[in-house]
């Protein structure tokens, strides 16, 4: 399975993503420069974290118009798996590949620490290697990670089970006191309706080795690999053909 | 012509910068302060630009309609 890890000017989690992915057997991961225009030969796409274009204007706002994004939209439309991590999640929202937006953290602080998140559904290409209700420990590192969306959009994504991860306490309890950044509904990660595009603020690539404090991030990449090997493609949402 | 685009967070979206700024204004004695929103102003020149194009840029690049509203002013 071949992963493309897109590098924008200001991406800084690209190397971590490649290292984490290549620790899985049978996985190749390559850097793709944002000015490239093709993703041919790749089975999945990673938009890594960082500060693309210095977060100028809004996080992800300028990266959205990078030449490679046309190919990313094409890959998504073809049913390939696309994951956006942190700044990558912001880029996916700015690109309208995912609903909603990420705004400044509730308490204005940049947050860099391990947090817990609950798996809301294991029926997805990004959480399938885990179990519903499991609590994962994966670090966050962001200043603009509060998920928001219009009320009618929120209702829709909740109804359709698009919320895959929610911030919680060590025991899985979801509430305001276990919400690090003010995200509505404690949302940490959502998928698109079709089920092949996923964005999350936590950094799974930083939780892939025991020495880093957690290996729960491996569930997410393992899920993508399993989904790809099982079907060759990847749409698992209710809209999948 | 000169163009000024003012971008502000939607009133329905939490604006933590506005809330923090409002608190500071209260500390400075402006007890009656309400509705502080912190946004940005983008100014540029574009000779003979089409107004529809300017709105497209303000909507698609300079603001994000999910969380922000914009106001476009065209000065001679």
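Protein chains in written order, with this note's numbering: chain A, 330 to 570; chain B, 2 to 77.
Where is the CB? At the ideal position from N, CA and C, for every residue including glycine.
Does the separation of the CB atoms of residue i and residue j fall below 8 Å?
i, j, result
"residue 417/A", "residue 474/A", "no"
"residue 542/A", "residue 471/A", "no"
"residue 387/A", "residue 65/B", "yes"
"residue 476/A", "residue 453/A", "no"
"residue 536/A", "residue 528/A", "no"
"residue 338/A", "residue 382/A", "yes"
"residue 8/B", "residue 69/B", "yes"
"residue 330/A", "residue 373/A", "yes"
"residue 437/A", "residue 18/B", "yes"
"residue 510/A", "residue 434/A", "yes"
"residue 363/A", "residue 336/A", "yes"
"residue 410/A", "residue 557/A", "yes"
"residue 457/A", "residue 463/A", "no"
"residue 432/A", "residue 376/A", "no"
"residue 526/A", "residue 405/A", "yes"
Which chain B residues are close to residue i, counting only those with a beta carbon under 9 Å from its beta carbon?
i, result
"residue 539/A", "Within chain B, no residue comes near residue 539/A; the closest Cβ sits about 36 Å away, beyond 9 Å."
Against residue i, what residues of chain B qualify as contacts under a CB-to-CB distance less than 8 Å, listed in chain order?
i, result
"residue 365/A", "Residues of chain B passing the Cβ test: none, with the nearest at roughly 22 Å."
"residue 478/A", "67"
"residue 429/A", "67"
Using a 10 Å radius around the Cβ and a threshold of 16 neighbouring Cβ atoms, would you call residue i buried or exposed?
i, result
"residue 553/A", "buried"
"residue 51/B", "exposed"
"residue 1/B", "Lying before the first or after the last residue shown, residue 1/B is absent from chain B, which here runs from 2 to 77."
"residue 449/A", "buried"
"residue 361/A", "buried"
"residue 1/B", "Residue 1/B lies beyond the residue range present for chain B, which begins at 2 and ends at 77; the question has no answer from this structure."
"residue 530/A", "buried"
"residue 396/A", "exposed"
"residue 10/B", "buried"
"residue 445/A", "buried"
"residue 407/A", "exposed"
"residue 71/B", "buried"
"residue 555/A", "exposed"
"residue 570/A", "Model confidence at residue 570/A stands at a pLDDT of 40, short of 50, so the residue's coordinates are unreliable; what they give is reported in the following sentence. Exposed is the call here."
"residue 398/A", "buried"
"residue 567/A", "Here residue 567/A scores only 48 on pLDDT, less than 50, and its place in the model should not be relied on; the value that follows carries that caveat. Exposed: under 16 other Cβ atoms inside 10 Å."
"residue 33/B", "exposed"
Could you pull the start and end residues of the beta strand (DSSP E) that residue i belongs to?
i, result
"residue 560/A", "From DSSP, residue 560/A is part of no beta strand (DSSP E) but of the alpha helix (DSSP H) over 546-560."
"residue 55/B", "Unbroken run through residue 55/B is the alpha helix (DSSP H), 52-58; no beta strand (DSSP E)."
"residue 447/A", "440-448"
"residue 70/B", "69-76"
"residue 3/B", "3-10"
"residue 467/A", "464-471"
"residue 371/A", "Element bounds for residue 371/A: n/a, residue is neither H nor E."
"residue 575/A", "Absent from the structure is residue 575/A, since the part of chain A shown begins at 330 and ends at 570."
Going along chain A, which residues have a C-beta under 9 Å from residue i?
i, result
"residue 9/B", "Under the 9 Å cutoff, chain A gives no residues; its nearest Cβ is about 13 Å from residue 9/B."
"residue 44/B", "Neighbours of residue 44/B on chain A: none; closest Cβ ~14 Å, over 9 Å."
"residue 18/B", "433 and 437"
Alpha helix (DSSP H) containing residue i: first to last residue?
i, result
"residue 494/A", "Here residue 494/A belongs to no alpha helix (DSSP H); instead the beta strand (DSSP E) covers 492-497."
"residue 405/A", "397-406"
"residue 44/B", "From DSSP, residue 44/B is part of no alpha helix (DSSP H) but of the beta strand (DSSP E) over 41-46."
"residue 14/B", "Premise fails: residue 14/B is in no alpha helix (DSSP H) and is neither H nor E."
"residue 278/A", "Limits of chain A in this structure are 330 at one end and 570 at the other, which puts residue 278/A out of reach."
"residue 294/A", "Because chain A here runs from 330 to 570, residue 294/A falls outside it and cannot be looked at."
"residue 335/A", "No alpha helix (DSSP H) contains residue 335/A, which is instead part of the beta strand (DSSP E) from 331-336."
"residue 420/A", "416-423"
Residue i touches chain B at which residues, Cβ-Cβ below 7 Å?
i, result
"residue 558/A", "Per Cβ cutoff of 7 Å: no residues; residue 558/A is ~35 Å from chain B at best."
Taking Cβ-Cβ distances shorter than 8 Å, what residues in chain A pair up with residue i?
i, result
"residue 14/B", "432 and 477"
"residue 53/B", "None at all; the shortest Cβ gap to chain A is about 19 Å."
I think residue i touches residue j, with their Cβ atoms under 8 Å apart; what is that distance to the nearest whole Å?
i, j, result
"residue 22/B", "residue 4/B", "Contact flag wrong, Cβ pair sits at about 26 Å."
"residue 522/A", "residue 491/A", "7 Å"
"residue 517/A", "residue 495/A", "6 Å"
"residue 332/A", "residue 348/A", "Their Cβ separation, rounded to whole angstroms, is 12 Å, which puts residue 332/A and residue 348/A out of contact at 8 Å."
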